[in-house]
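Below is one structure; the comments refer to it alone.
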Amino acid sequence: MSALSCHATLSARTKGRVYPEEQCQVRTVFQHDRDKILHSKSFRRLKHKTQVFLSPEGDHYRTRLTHTLEVSQIARTVARALGLNEDLTEAIALGHDLGHTPFGHAGERVLNELMPGGFHHVRQSLRVVDILEKGGAGLNLSWEVRDGISKHSKGGGPLQAEDPHAMPATLEGHLVRRCDMIAYVNHDLDDAQRAGVISLEQVPRDILAVLGQTHGRRIDTMVRDMIDVSLSAGGACVRQSVEVEEAILALRDWLYNHVYQVKSVHEDFDKASRILRDLYLYFLADEDALVGDGGKRMPGDALEVSVGDFVAGMTDRFAMNLYQRIFLPQPWKIL
Numbered sequence: 001m002s003a004l005s006c007h008a009t010l011s012a013r014t015k016g017r018v019y020p021e022e023q024c025q026v027r028t029v030f031q032h033d034r035d036k037i038l039h040s041k042s043f044r045r046l047k048h049k050t051q052v053f054l055s056p057e058g059d060h061y062r063t064r065l066t067h068t069l070e071v072s073q074i075a076r077t078v079a080r081a082l083g084l085n086e087d088l089t090e091a092i093a094l095g096h097d098l099g100h101t102p103f104g105h106a107g108e109r110v111l112n113e114l115m116p117g118g119f120h121h122v123r124q125s126l127r128v129v130d131i132l133e134k135g136g137a138g139l140n141l142s143w144e145v146r147d148g149i150s151k152h153s154k155g156g157g158p159l160q161a162e163d164p165h166a167m168p169a170t171l172e173g174h175l176v177r178r179c180d181m182i183a184y185v186n187h188d189l190d191d192a193q194r195a196g197v198i199s200l201e202q203v204p205r206d207i208l209a210v211l212g213q214t215h216g217r218r219i220d221t222m223v224r225d226m227i228d229v230s231l232s233a234g235g236a237c238v239r240q241s242v243e244v245e246e247a248i249l250a251l252r253d254w255l256y257n258h259v260y261q262v263k264s265v266h267e268d269f270d271k272a273s274r275i276l277r278d279l280y281l282y283f284l285a286d287e288d289a290l291v292g293d294g295g296k297r298m299p300g301d302a303l304e305v306s307v308g309d310f311v312a313g314m315t316d317r318f319a320m321n322l323y324q325r326i327f328l329p330q331p332w333k334i335l
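Residue 235 in UniProt numbering sits at position 235 of the sequence shown; the count goes up by one each step and never skips.
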């Protein structure tokens with residue numbers, strides 16, 4: 001405890017869990033939360049969910065799982081340098097994307113269109129840890145971890161939201177919010193180069209002049225800048241310099257226009273969207289099929305919610321295999 005900054009969140013001062021449970025004798029509250037997430041089924045499914053490139057067969061492309069691990073590694077590095085709680089930081093990082101759909105943001109857009117009240121992966125991440133995991137019992141995570149998960153997303157907005165209520169209550173949550181973007185702008189650029197979608201020469205020179213010419217240099221620049229600026233403010237906040245923050249946001253916007261929306265990438269996501277739309281409508285019309293194929297009906301939930309839970313929890317390959325079995329002719333097996 002003495003090694004932590006006075007601004008760190010102490011596990012001994014947690015606001016607790018929704019349901020009281022016996023304290024582990026060898027782990028703090030936040031360590032226990034980290035382990036709960038790590039051993040959950042939804043965490044394991046992240047390895048077969050799209051990050052940017054749809055169901056990639058190449059061994060070196062990122063998935064939602066490797067993205068999560070990169071966020072966790074970067075965030076722990078900064079947390080240690082700032083004297084923040086590494087266990088809380090890691091728990092938030094490991095749990096922040098548990099509610100993501102198959103096929104990345106294309107899947108999220110489909111469910112948002114179809115589900116009454118819409119769909120957002122942040123709300124779904126909380127639903128996963130609060131309700132869906134462990135057969136409906138949920139993981140019963142601490143308030144601080146849930147808060148960090150619920151406020152990590154920036155969408156197309158700023159790293160530091162103007163509304164303080166939209167920001168995490170802990171510095172560890174602030175840290176993960178920034179490290180999420182540090183991870184994805186770097187690895188999405190790296191994967192896009194590997195896929196031949198773009199070349200480094202296309203990236204605006206002013207962005208690379210600030211952040212660096214290589215993957216490692218860019219991460220180093222962002223991490224060091226965050227540590228230096230935060231420490232210069234006494235460690236009471238997590239910040240980056242205006243120059244570096246503007247370059248990060250500029251790179252995010254450039255990737256949106258030159259990677260995420262390019263025809264060769266976007267066309268496959270249009271196909272994936274049709275898969276999820278057809279599956280959602282199929283199970284909405286046949287509740288018995290929903291349960292028979294692995295979905296669950298949670299007490300008190302509308303059928304639309306249960307179907308959304310099932311579709312959102314699918315991996316890319318599970319969704320494609322299920323679609324093939326349901327909608328495509330099968331080879332005749334009787335001799």
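Backbone N, C-alpha and C fix where the C-beta goes; we use that ideal spot for every residue, glycine too.
PHE327 lies in the alpha helix (DSSP H); which residues open and close that run? On the sequence shown, position 327 is the one that residue 327 refers to. Under the DSSP assignment, PHE327 falls in the alpha helix (DSSP H) whose first and last residues are 316–327.
How big is the Cα-Cα spacing for THR68 and VAL18? Counted from its first residue, the sequence shown places residue 68 at position 68. Counted from its first residue, the sequence shown places residue 18 at position 18. For the pair THR68 and VAL18, the Cα-to-Cα distance works out to about 25 Å.
Mind checking GLU21: buried by the 16 CB within 10 Å criterion, or exposed? Walking along the sequence shown from the start, residue 21 turns up at place 21. Counting C-beta atoms within 10 angstroms of its own C-beta, GLU21 has fewer than 16 neighbours from the protein chains shown and is therefore classed as exposed.
Using a Cβ distance threshold of 8 Å, determine whether the region 78–98 contacts the region 287–298, with at least three qualifying pairs required. The answer is no - the region 287–298 does not touch the region 78–98, with fewer than three Cβ pairs under 8 Å.
Option nearest HIS7 by Cα separation, candidates LEU82, VAL145, ALA247 and ARG109: Numbered from its first residue, the sequence shown carries residue 7 at position 7. The candidate whose alpha carbon is nearest that of HIS7 is LEU82.
Do LEU322 and LEU279 come within 8 Å of each other at the CB atom, strictly closer than that value? Within the sequence shown, the letter at position 279 stands for residue 279. Within the sequence shown, the letter at position 322 stands for residue 322. The answer is yes: Cβ separation under 8 Å.
Within 10 angstroms of its Cβ, does ASP316 collect 16 or more other Cβ (buried), or is it exposed? Taking the sequence shown and counting its residues from 1, the one referred to as residue 316 is at position 316. By the 10 Å Cβ count, ASP316 comes out buried.
Any idea which residues DSSP pairs ASP142 with across the strands? For the purposes of this step, residue 142 is identified with residue 142 of the sequence shown, where counting begins at 1. The sequence shown places Ser at residue 142, not Asp. According to the DSSP secondary-structure assignment, SER142 is paired through a beta bridge with ARG17.
Quick one: Cα of residue 348 to Cα of LEU328, how far? Residue 348 falls outside the range modelled here, since the chain spans only 1 to 335, and no answer is possible.
THR221 (DSSP reduced to helix, strand or coil): Against the sequence shown, residue 221 aligns to sequence position 221. DSSP places THR221 within a helical segment (H, G or I) once states are collapsed to three.
Around the Cβ of SER40, are there at least 16 other Cβ atoms within 10 angstroms (buried) or fewer (exposed)? In the sequence shown, counting from the first residue as 1, residue 40 sits at position 40. Using a 10 angstroms sphere on the CB of SER40, the tally of other CB atoms reaches 16 or more, which defines it as buried.
Name the DSSP bridge partner or partners of THR63? Along the sequence shown, read from residue 1 onward, the residue named residue 63 stands at position 63. THR63 is bridged to THR50.
Measuring straight from C-alpha to C-alpha, what distance separates HIS32 and LEU98? The residue given as residue 32 occupies position 32 in the sequence shown. The residue given as residue 98 occupies position 98 in the sequence shown. One C-alpha to the other measures close to 17 Å.
Integer-rounded CB distance, given that ALA285 should sit under 8 Å from GLY107: The count along the sequence shown starts at 1 and reaches residue 107 at position 107. The count along the sequence shown starts at 1 and reaches residue 285 at position 285. Going by Cβ atoms, the distance from GLY107 to ALA285 rounds to 20 Å, so no, they are not a contact pair.
Is it a yes or a no for the region 183–203 touching the region 155–173, going by three-plus beta-carbon pairs under 8 Å? Inter-segment contact for the region 183–203 and the region 155–173 is absent: fewer than three beta-carbon pairs are separated by less than 8 Å.
What residue range does the alpha helix (DSSP H) around HIS187 cover? Within the sequence shown, residue 187 is the residue found at index 187, counting from 1. Element bounds for HIS187: 171–195.
So what's MET1 in DSSP terms, helix, strand or just coil? In the sequence shown, residue 1 corresponds to position 1, counting from 1. Reliability fails at MET1, whose pLDDT of 44 lies under 50, so the model's placement of it is uncertain and the value that follows must be treated cautiously. The answer is coil: DSSP assigns MET1 none of H, G, I, E or B.
Measure the Cβ-Cβ separation of ILE219 and ILE74 and say whether it is below 8 Å. Residue numbering aside, residue 219 sits at position 219 when the sequence shown is read from its first letter. Residue numbering aside, residue 74 sits at position 74 when the sequence shown is read from its first letter. Closer than 8 Å, so yes.
Assumed close pair VAL71, VAL176 - CB separation to whole angstroms, cut-off 8 Å: Counting from one through the sequence shown, the residue named residue 71 turns up at place 71. Counting from one through the sequence shown, the residue named residue 176 turns up at place 176. Sure, about 7 Å apart at Cβ, within 8 Å.
Report the CB separation of ALA233 from ARG224 in whole angstroms; it is logged as a contact under 8 Å. As a working note, residue 233 is residue 233 in the sequence shown. As a working note, residue 224 is residue 224 in the sequence shown. That pair is no contact at about 15 Å.
Report the three-state DSSP secondary structure of PRO299 (helix, strand or coil). Numbered from 1 along the sequence shown, position 299 holds the residue referred to as residue 299. PRO299: coil per DSSP, three-state reduction.
With respect to the alpha helix (DSSP H) encompassing LYS36, which residues constitute its N-terminal and C-terminal limits? The residue labelled residue 36 in the question sits at position 36 within the sequence shown. From DSSP, the alpha helix (DSSP H) with LYS36 extends over 29–38.
Cα separation between ALA319 and PHE103? By one-based count along the sequence shown, residue 319 stands at place 319. By one-based count along the sequence shown, residue 103 stands at place 103. Across the structure, ALA319 and PHE103 are spaced so that their CA atoms are roughly 9 Å apart.
May I have the straight-line CA-CA distance separating SER42 from GLY313, to the nearest angstrom? Here residue 42 is taken as the residue at index 42 of the sequence shown, counted from 1. Here residue 313 is taken as the residue at index 313 of the sequence shown, counted from 1. Approximately 7 Å, taken between the alpha carbons.
Going by beta-carbon coordinates alone, are ASP180 and HIS152 separated by less than 8 Å? Start at 1 with the first residue of the sequence shown, and residue 180 comes out as number 180. Start at 1 with the first residue of the sequence shown, and residue 152 comes out as number 152. At a Cβ-Cβ threshold of 8 Å, ASP180 and HIS152 count as neighbours.
Restricting to Cα atoms, I'd like to know which of GLY136, ASN140 and PHE30 is closest to GLU86. By one-based count along the sequence shown, residue 86 stands at place 86. Comparing Cα-Cα distances from GLU86 to each of GLY136, ASN140 and PHE30, the minimum goes to PHE30.
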